[in-house]
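With the working numbering, the residue at position 128 of the sequence shown is 128, and numbering never jumps. Even for Gly, the Cβ is constructed at its ideal location relative to N, Cα and C. Keep in mind it's a predicted model, so treat the numbers as computed, not measured. Just below is one structure, and these are the notes that go with it.
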Amino acid sequence: MNRRLPVVALALCAAVSLAKPVSGQVLLYSLFERYIDSLRQQTGIPGMSAALVKDGQVVWDRGFGQQDIERSILAAPDTPYPVGGLTQTVAAVLLGACAESGRLDIDDRVSLWVPDFPSADASVRRVLAHASNTPVAFRYDESRFAALTSVAEACDDEDIRVAMADAVLERLGMGASVPGQDLGDPGSAARELFDSGRVNRYADVLARLAVPYRVDRDGRASRSDYGARGLSAADGLVSTVRDLARFDAALDDGVLLRSESLSVAWTPANFTGTPLPTGLGWFVQNYQGERIVWHFSHIPGAYSGLILKMPSRRLTLIMLANSDGLSAGASLEQGDVTASPFVKIFLRLFA
Numbered sequence: 001m002n003r004r005l006p007v008v009a010l011a012l013c014a015a016v017s018l019a020k021p022v023s024g025q026v027l028l029y030s031l032f033e034r035y036i037d038s039l040r041q042q043t044g045i046p047g048m049s050a051a052l053v054k055d056g057q058v059v060w061d062r063g064f065g066q067q068d069i070e071r072s073i074l075a076a077p078d079t080p081y082p083v084g085g086l087t088q089t090v091a092a093v094l095l096g097a098c099a100e101s102g103r104l105d106i107d108d109r110v111s112l113w114v115p116d117f118p119s120a121d122a123s124v125r126r127v128l129a130h131a132s133n134t135p136v137a138f139r140y141d142e143s144r145f146a147a148l149t150s151v152a153e154a155c156d157d158e159d160i161r162v163a164m165a166d167a168v169l170e171r172l173g174m175g176a177s178v179p180g181q182d183l184g185d186p187g188s189a190a191r192e193l194f195d196s197g198r199v200n201r202y203a204d205v206l207a208r209l210a211v212p213y214r215v216d217r218d219g220r221a222s223r224s225d226y227g228a229r230g231l232s233a234a235d236g237l238v239s240t241v242r243d244l245a246r247f248d249a250a251l252d253d254g255v256l257l258r259s260e261s262l263s264v265a266w267t268p269a270n271f272t273g274t275p276l277p278t279g280l281g282w283f284v285q286n287y288q289g290e291r292i293v294w295h296f297s298h299i300p301g302a303y304s305g306l307i308l309k310m311p312s313r314r315l316t317l318i319m320l321a322n323s324d325g326l327s328a329g330a331s332l333e334q335g336d337v338t339a340s341p342f343v344k345i346f347l348r349l350f351a
C-alpha cells in the first residue's frame, strides 16, 4: 500500500491542478475523502470520523464506516470517541493558562506537587515536552505526563475534570465532549463534581460512544473489552471531530492562550542544544520547510486519533477511529507523523 501511495497521490494532485479554482477545491475534498476511506478499509478500521478546519471554520467533515457494527450505526462527524493521548493538548492549555496568569512557573520541579515523582529534578516544562531527565532526551511516556494532573489541579484549585470542563469544554461550546468516560457510570463518585444537568448530558453523549474494536491480521473486527477511564492530564477525554475543531479554532484565534504561549508550545523544546520532536504538549516537526504541529492517540485494540496542524496555512486535519488503525504500526511515538499513510495523502494533497 505504501509503495503505491506516492504515485496515486501525485495523480490526484495532477487532477486537482487541472480543475477550475472553485470546482478544484470541491474536487480536492472529494479526492481526499475517497482516498482516506480506501485507506480505512485497507487498515480494517470499522468506523472513522474526520474533519478539515481552515481559517477557524470546518470546511469538510465526514463519517466513514460504522461506529457500531452490531447495530449497523454509521459513523458521523458528531460521533463521540475516547481521544486518548489527544487529551494532553487540552491539559497543556490549562497549564499554559496557569503560567500566563503567574500562578505557575513551568520551570518548577514536578516533585513540588508530586513528592514521589521518579525524576526528582524534572521540571513541568520537561514533562510537557516528554523529555527524560538524566540524560535529557526525548521519551514519549503518557504515565509520566499524567503526573501533571496534580500540577493542574493545584494551580486551578479544583479537580482537573472541572477545570477542563469549565475552562475549555463549556467555554467553547464543546457539548459532545466529556471529561472522563467513567462519568457514564451511575456509581462514579466523579459525578458529584457536576450538577445533574451536566451529568445527564454527559451520560447522553457516552450512550452514543463509538464501540471499540480489535482488528486481526485478516481485517476481521471483534468488539474489544475496553473499560471506562477517568480523566488525567494524559488521557481520558471523550470528544468528536466537530468539538475538536472548535478547540482548534480557539487556539488559532487566541481565545485560550496568547500567541506568545502558543509560539513556545509549538517550537521544538531544546535542553541540551539538540531540538526534541516535541514542544509543550505537542509534537513539532518540519515538512518540506514548513512547520507542522500534531498529536496522536493510540489505545491498543480500541481507539486511535490524530490532530495535525499547519499553522502558517491555518489548516488542520482531525481524525478519530474506533480501532487502533490510525496509529498502529506507524510508531508515531517516535516523533515522525509522516509515517502515517493517512498523513502522507493529506500532505501531498494539501501541502
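Count the other C-beta atoms from every protein chain shown that fall within 10 angstroms of the C-beta of residue i, then say buried if there are 16 or more, exposed otherwise.
i, result
"Pro412", "Since the first and last residues shown for the chain are 1 and 351, residue 412 lies out of range."
"Gly102", "exposed"
"Arg191", "buried"
"Ser331", "exposed"
"Ala269", "buried"
"Thr43", "buried"
"Leu74", "exposed"
"Asp182", "buried"
"Gln88", "buried"
"Gln334", "exposed"
"Arg34", "exposed"
"Thr134", "exposed"
"Ile106", "buried"
"Ala233", "buried"
Could you pull the DSSP bridge partners for residue i from this structure?
i, result
"Tyr81", "Ser239"
"Phe138", "Ala131"
"Trp113", "According to DSSP, Trp113 bridges with nothing at all."
"Pro275", "Paired residue(s): none; Pro275 is not in a bridge."
"Ile73", "Asp68"
"Ser49", "Gly63, Leu320"
"Pro179", "Leu237"
"Gln57", "Lys54"
"Ser38", "Ser38 is not bridged to any residue."
"Arg223", "Tyr213"
"Ser123", "Arg109"
Out of the options, state which residue places its alpha-carbon closest to the alpha-carbon of residue i.
i, options, result
"Glu142", "Met319, Phe296, Val337, Ile345", "Phe296"
"Arg198", "Gly219, Gly175, Asp218", "Gly175"
"Ala99", "Ile299, Leu347, Ser261, Pro268", "Ser261"
"Asp116", "Ala91, Ser150, Phe138", "Ser150"
"Trp294", "Pro135, Tyr287, Leu306, Gln288", "Leu306"
"Gln66", "Pro80, Ala97, Ala163, Lys54", "Pro80"
"Ser72", "Pro46, Ala92, Gly96", "Pro46"
"Leu206", "Ile106, Arg348, Ser111, Val83", "Val83"
"Thr274", "Leu95, Asp156, Phe138", "Phe138"
"Val110", "Ala265, Ser132, Val93", "Ser132"
"Gly289", "Leu28, Thr272, Met310, Leu256", "Met310"
"Ala321", "Phe145, Ile292, Ala221", "Ala221"
"Val215", "Leu104, Gln41, Asp121", "Gln41"
"Leu231", "Tyr29, Ala165, Ala76", "Ala165"
"Glu386", "Ala339, Val90, Ala76", "This structure cannot speak to residue 386, because the chain is shown only from 1 to 351."
"Gly85", "Arg348, Phe271, Arg144", "Arg144"
So, under 8 Å CB-CB, residue i and residue j are touching, yes? Tell me the CB distance rounded to an integer number of Å.
i, j, result
"Arg223", "Val211", "6 Å"
"Phe342", "Met319", "6 Å"
"Gly56", "Ala351", "So it is not a contact: roughly 19 Å between Cβ atoms."
"Thr316", "Leu308", "7 Å"
"Asp68", "Thr240", "The pair is not a contact, with the Cβ atoms about 15 Å apart (cut-off 8 Å)."
"Leu256", "Val168", "7 Å"
Does residue i have its Cβ less than 7 Å from a Cβ in chain D?
i, result
"Gly289", "Note that chain D does not occur in the displayed structure, where there is just one protein chain."
Ordered list of alpha helix (DSSP H) runs contained in the region 282 to 349, each at least 4 residues
none
Runs of 3 residues minimum, wholly inside the region 184 to 220: which ones carry the beta strand (DSSP E) assignment?
213 to 215
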